[in-house]
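The structure appears right after this line, and notes come after that.
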Amino acid sequence: MKLLLVHNYYQQRGGEDVVFEAEAALLEEHGHHVLQYVARNEALVEASAWTVGRQAVWNGTTYADLRRLLQRERPAVVHVHNTLPVISPAVFYAVRSAGVPVVQTLHNYRLLCPSATLFRDGKVCEDCLHRSIAVPAVRHGCYRGSRSASGVVAAMLALHHLAGTWKHNVDLFIALTEFARAKFVEGGLPGERIVVKPNFAPDAGLARTGGDYALFVGRLSGEKGVKPLLEAWRRLGDRIRLRVIGDGPEAPLVSAAVRAGLAVDFLGWQTPDVVATAMAGARFLVFPSTWYEPFGLGIIEAYAAGLPVLASDIGGLSELVKHRNTGLQVRAGDVDHLVQQVEWALSHPDAMRTMGVNARGEYEARYTPGRNYHLLIAAYQRALRQRSHAGSLSYDSVSGGAFPVGAPRGQAVASSDGQPPVGS
Numbered sequence: 000m001k002l003l004l005v006h007n008y009y010q011q012r013g014g015e016d017v018v019f020e021a022e023a024a025l026l027e028e029h030g031h032h033v034l035q036y037v038a039r040n041e042a043l044v045e046a047s048a049w050t051v052g053r054q055a056v057w058n059g060t061t062y063a064d065l066r067r068l069l070q071r072e073r074p075a076v077v078h079v080h081n082t083l084p085v086i087s088p089a090v091f092y093a094v095r096s097a098g099v100p101v102v103q104t105l106h107n108y109r110l111l112c113p114s115a116t117l118f119r120d121g122k123v124c125e126d127c128l129h130r131s132i133a134v135p136a137v138r139h140g141c142y143r144g145s146r147s148a149s150g151v152v153a154a155m156l157a158l159h160h161l162a163g164t165w166k167h168n169v170d171l172f173i174a175l176t177e178f179a180r181a182k183f184v185e186g187g188l189p190g191e192r193i194v195v196k197p198n199f200a201p202d203a204g205l206a207r208t209g210g211d212y213a214l215f216v217g218r219l220s221g222e223k224g225v226k227p228l229l230e231a232w233r234r235l236g237d238r239i240r241l242r243v244i245g246d247g248p249e250a251p252l253v254s255a256a257v258r259a260g261l262a263v264d265f266l267g268w269q270t271p272d273v274v275a276t277a278m279a280g281a282r283f284l285v286f287p288s289t290w291y292e293p294f295g296l297g298i299i300e301a302y303a304a305g306l307p308v309l310a311s312d313i314g315g316l317s318e319l320v321k322h323r324n325t326g327l328q329v330r331a332g333d334v335d336h337l338v339q340q341v342e343w344a345l346s347h348p349d350a351m352r353t354m355g356v357n358a359r360g361e362y363e364a365r366y367t368p369g370r371n372y373h374l375l376i377a378a379y380q381r382a383l384r385q386r387s388h389a390g391s392l393s394y395d396s397v398s399g400g401a402f403p404v405g406a407p408r409g410q411a412v413a414s415s416d417g418q419p420p421v422g423s
């Protein structure tokens, strides 16, 4: 099957980028012809604020390039990941004009919230969930701490929701957990076109040694629960050391904890191989997020290593960690409860070892590349059936289109194969 994968990379590499690349590699390993159309934010470095804002709403280059690419390559399915800020929702109109089925993975809550997290001022926020225009997000500068940038994203969402961009131009959405699916349905997406497919993790093949430290791996930012984690370790004293792997805006807090003499070792950002080795040698993973995590990639990476997880009972995490089976659930943001659960884990080593075995079993049953491949292909086949049923009328022939075919061209978008964009 010939497939076109579309993704706008993030300035700071994160889980979405990892998943995009992993799925592309997985499909290629199974013999599919995988094309990629990608963009990087560096394309906007020299662009004016007006150009950046305009292109986030509608990038004419994306539309024109994809029209030509689709006509030349004729893929069976187009799978869209992130489109902000370079690619823009113009991708959906280009693909619909070619009559090709579109699948979109909902990695975060961007379609419901300009910041993509449903999180503000240290707590869950749903102020924009049921609004046609995300005014609170603009007022609070939720996107990158900027009211103007938040206004651009809010305008993009409002215009495209009004135009029915996602409702009418996406054949199938992929949510990562049942929680995330329910939240998107609450936000107005058609539930009958949202399927649940979790992410997957490779098996590093390392034997777990069960060391003498707890482990945190992830972005060091407010929604990841860094502050309650460090406060819990301050209260725990020398009960067990905590190794922290990651980087982000709250990295200085971790460095300060080390200087203050807490039982914390800060390793900064590390390669996947180093992370896998750290997981193989840890006692347990701590995943203390305080936002509605749509998924927890680090959790299934831990499961692959047979490592039990202490995770917040919030969002999709509550589905991934089965309390006292594959790990322990902790009330999100509750430092006292986190301390209690760490103490319980340290006092019940046999139970934790059993949970590690169960975690590995959960990985083998649900989160291997092989299992995920079948789920991904099933999603593509469903999208193909739905497009076949709906007919292949091109968008250009449908009256009332909200965005013109001849929209102004924007910044050039890098294509997947390292070549200049089609027609540039």
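Mapping the sequence shown onto numbering that gives the first Met the number 0, position 43 (from 1) lands on 42, and the numbers just tick up by one. Glycine is no exception: its CB is placed at the ideal position from the N, C-alpha and C atoms.
### Message
Assess contact between the stretch 213-223 and the stretch 243-255, defined as three or more Cβ pairs (one per stretch) separated by less than 8 Å. Is contact present?
### Response
yes
### Query
Helix, strand or coil: which one does DSSP assign to isoleucine 244?
The residue given as residue 244 occupies position 245 in the sequence shown. Residue state, collapsed to three classes: strand.
### Query
Quick one: is glutamine 328 buried, meaning 16 or more other Cβ sit within 10 Å of its Cβ, or exposed?
For this step, residue 328 is matched to residue 329 along the sequence shown. Glutamine 328 comes out buried.
### Task
Select from His160, Trp290, Gly163 and Val102 the residue whose C-alpha is nearest the C-alpha of proline 227.
The residue you call residue 227 lines up with position 228 of the sequence shown. That would be Trp290, whose Cα lies nearest to the Cα of proline 227.
### Message
Please state whether the Cβ-Cβ distance between alanine 303 and alanine 203 is less than 9 Å.
### Response
By one-based count along the sequence shown, residue 303 stands at place 304. By one-based count along the sequence shown, residue 203 stands at place 204. Yes, the Cβ-Cβ distance between alanine 303 and alanine 203 is below 9 Å.
### Query
Do the CB positions of valine 56 and alanine 75 come within less than 9 Å of each other?
On the sequence shown, position 57 is the one that residue 56 refers to. On the sequence shown, position 76 is the one that residue 75 refers to. Not in contact: valine 56 and alanine 75 (Cβ atoms no closer than 9 Å).
### Message
With a threshold of 9 Å between beta-carbons, can alanine 301 be considered close to chain C, or not?
### Response
No chain C is present in this structure, which holds just one protein chain.
### Message
Alpha carbons only, please: which of Val169, Leu111 and Leu156 is nearest the one belonging to lysine 182?
### Response
Taking the first residue of the sequence shown as position 1, residue 182 is located at position 183. Of the listed residues, the one whose Cα sits closest to lysine 182 is Leu111.
### Task
Scan the stretch 37-109 and note each continuous alpha helix (DSSP H) run of 4 residues or more that stays entirely inside, going in chain order.
48-56, 59-72 and 89-96
### Identity of the residues DSSP links to serine 311 by a beta bridge
Taking the sequence shown and counting its residues from 1, one reaches residue 311 at position 312. According to DSSP, which records beta bridges pairwise, serine 311 is partnered with Val329.
### Message
Rounded to whole angstroms, what is the Cα-Cα separation between valine 17 and arginine 130?
### Response
Locating residue 17 in the sequence shown gives position 18, where the first residue counts as 1. Locating residue 130 in the sequence shown gives position 131, where the first residue counts as 1. Going by the C-alpha atoms only, they are around 32 Å apart.
### Query
If we call anything under 9 Å between Cβ atoms a contact, is methionine 351 one with arginine 282?
The count along the sequence shown starts at 1 and reaches residue 351 at position 352. The count along the sequence shown starts at 1 and reaches residue 282 at position 283. Going by C-beta atoms, methionine 351 is nearer than 9 Å to arginine 282.
### Task
Check whether the Cβ atoms of leucine 69 and alanine 38 sit closer than 9 Å, and answer yes or no.
Against the sequence shown, residue 69 aligns to sequence position 70. Against the sequence shown, residue 38 aligns to sequence position 39. With respect to alanine 38, leucine 69 sits apart: the two C-beta atoms are not nearer than 9 Å.
### Query
If you draw a straight line from the C-alpha of histidine 80 to the C-alpha of glutamate 230, how long is it?
Walking along the sequence shown from the start, residue 80 turns up at place 81. Walking along the sequence shown from the start, residue 230 turns up at place 231. If you take the alpha carbons of histidine 80 and glutamate 230, they lie about 36 Å apart.
### Task
Give a yes or no on whether the C-beta atoms belonging to alanine 200 and tyrosine 366 are separated by under 9 Å.
Within the sequence shown, residue 200 is the residue found at index 201, counting from 1. Within the sequence shown, residue 366 is the residue found at index 367, counting from 1. Yes, Cβ-Cβ distance for alanine 200 and tyrosine 366 is below 9 Å.
### Task
Classify histidine 388 as buried or exposed, calling it buried when 16 or more other Cβ atoms lie within 10 Å of its own Cβ.
Residue numbering aside, residue 388 sits at position 389 when the sequence shown is read from its first letter. The residue is exposed, with fewer than 16 neighbouring Cβ atoms inside 10 Å.
### Query
Counting Cβ pairs closer than 8 Å, one from the stretch 274-281 and one from the stretch 253-262, do we hit at least three?
no
### Nearest residue (CA-CA) to valine 195, options His31, Leu171 and Leu214
Looking up residue 195 in the sequence shown gives position 196. Of His31, Leu171 and Leu214, the residue nearest in Cα terms is Leu171.
### Message
Is the separation between the beta-carbon of asparagine 198 and that of phenylalanine 294 shorter than 9 Å?
### Response
Walking along the sequence shown from the start, residue 198 turns up at place 199. Walking along the sequence shown from the start, residue 294 turns up at place 295. Yes; because the gap between Cβ atoms is below 9 Å, this pair is in contact.
### Message
Using CA atoms only, rank isn't needed, just tell me which of Leu43, Lys1, Ala24 and Gly30 is closest to asparagine 7.
### Response
Locating residue 7 in the sequence shown gives position 8, counting from the first residue. Asparagine 7 has its Cα closest to that of Leu43, out of Leu43, Lys1, Ala24 and Gly30.
### Query
Secondary structure at alanine 174, three-state DSSP: helix, strand or coil?
Position 175 of the sequence shown holds residue 174. Strand at alanine 174.
### Message
Based on DSSP bridge pairs, tell me the residues matched to isoleucine 424.
### Response
Outside the displayed range of the chain (0 to 423) lies residue 424, so it cannot be described from this structure.
### Query
Straight-line CA distance for glycine 360 to glutamine 339?
Against the sequence shown, residue 360 aligns to sequence position 361. Against the sequence shown, residue 339 aligns to sequence position 340. Rounded to whole angstroms, glycine 360 to glutamine 339 spans 26 Å at the Cα level.
### Task
Report the three-state DSSP secondary structure of alanine 256 (helix, strand or coil).
Your numbering for residue 256 matches position 257 in the sequence shown. Reduced to three states, the DSSP call for alanine 256 is helix.
### Task
Confirm, please, whether the CB-CB distance from glycine 297 to leucine 309 is below 9 Å.
In the sequence shown, counting from the first residue as 1, residue 309 sits at position 310. In the sequence shown, counting from the first residue as 1, residue 297 sits at position 298. Their beta carbons are not under 9 Å apart, which means leucine 309 does not touch glycine 297 by this criterion.
### Task
Please name the residue, chosen from Asn168, Gly14 and Ile313, that lies closest to aspartate 333 on a Cα-to-Cα basis.
Along the sequence shown, one-based indexing puts residue 333 at 334. Closest by alpha carbon: Ile313.
### Message
Please classify proline 84 as buried or exposed, where buried requires at least 16 neighbouring CB atoms within 10 angstroms.
### Response
Position 85 of the sequence shown, counted from the first residue, corresponds to residue 84. Proline 84 should be labelled buried.
### Task
Return the chain-ordered list of same chain residues with a C-beta closer than 7 Å to the C-beta of glutamine 269, the five sequence neighbours on each side being excluded.
Taking the first residue of the sequence shown as position 1, residue 269 is located at position 270. Closer than 7 Å at the Cβ level, and outside the excluded window around glutamine 269, lie Ile244.
#### Entry: Unbroken alpha helix (DSSP H) run spanning asparagine 371, endpoints
Along the sequence shown, one-based indexing puts residue 371 at 372. Counting along the chain, the alpha helix (DSSP H) containing asparagine 371 begins and ends at 368-389.
### Task
Give the straight-line distance between the Cα atoms of alanine 331 and threonine 116, rounded to the nearest whole angstrom.
As a first step, residue 331 is located in the sequence shown; it is residue number 332 there, counting from the start. As a first step, residue 116 is located in the sequence shown; it is residue number 117 there, counting from the start. Between alanine 331 and threonine 116, the C-alpha separation is close to 15 Å.
### Query
First and last residue of the beta strand (DSSP E) that includes glycine 267?
Numbered from 1 along the sequence shown, position 268 holds the residue referred to as residue 267. Element bounds for glycine 267: 263-267.
### Query
Sorry if obvious, but does the Cβ on threonine 61 come closer than 8 Å to a heavy atom of the ligand GTP?
Summarising the ligand content, the structure contains no ligands, and the ligand GTP is consequently not present.
### Bridge-paired residues (DSSP) for phenylalanine 283
On the sequence shown, residue 283 is found 284 positions in, with the first residue counted as 1. DSSP, once it has assigned bridges, lists Ala213 as partnering phenylalanine 283.
### Message
Taking 7 Å as the limit between beta carbons, can you name the residues of its chain near cysteine 124, skipping five residues before and five after?
### Response
For this step, residue 124 is matched to residue 125 along the sequence shown. Excluding positions up to five away in sequence, the list reads Leu117 and Phe118.
### Query
Among Asn40, Arg180 and Glu185, which one has its Cα closest to the Cα of arginine 426?
The requested residue 426 does not occur in the structure, where the chain is confined to residues 0 to 423.
### Query
What separation, rounded to the nearest whole angstrom, lies between the Cα atoms of leucine 316 and histidine 139?
Walking along the sequence shown from the start, residue 316 turns up at place 317. Walking along the sequence shown from the start, residue 139 turns up at place 140. Here the alpha carbons of histidine 139 and leucine 316 stand approximately 27 Å from one another.
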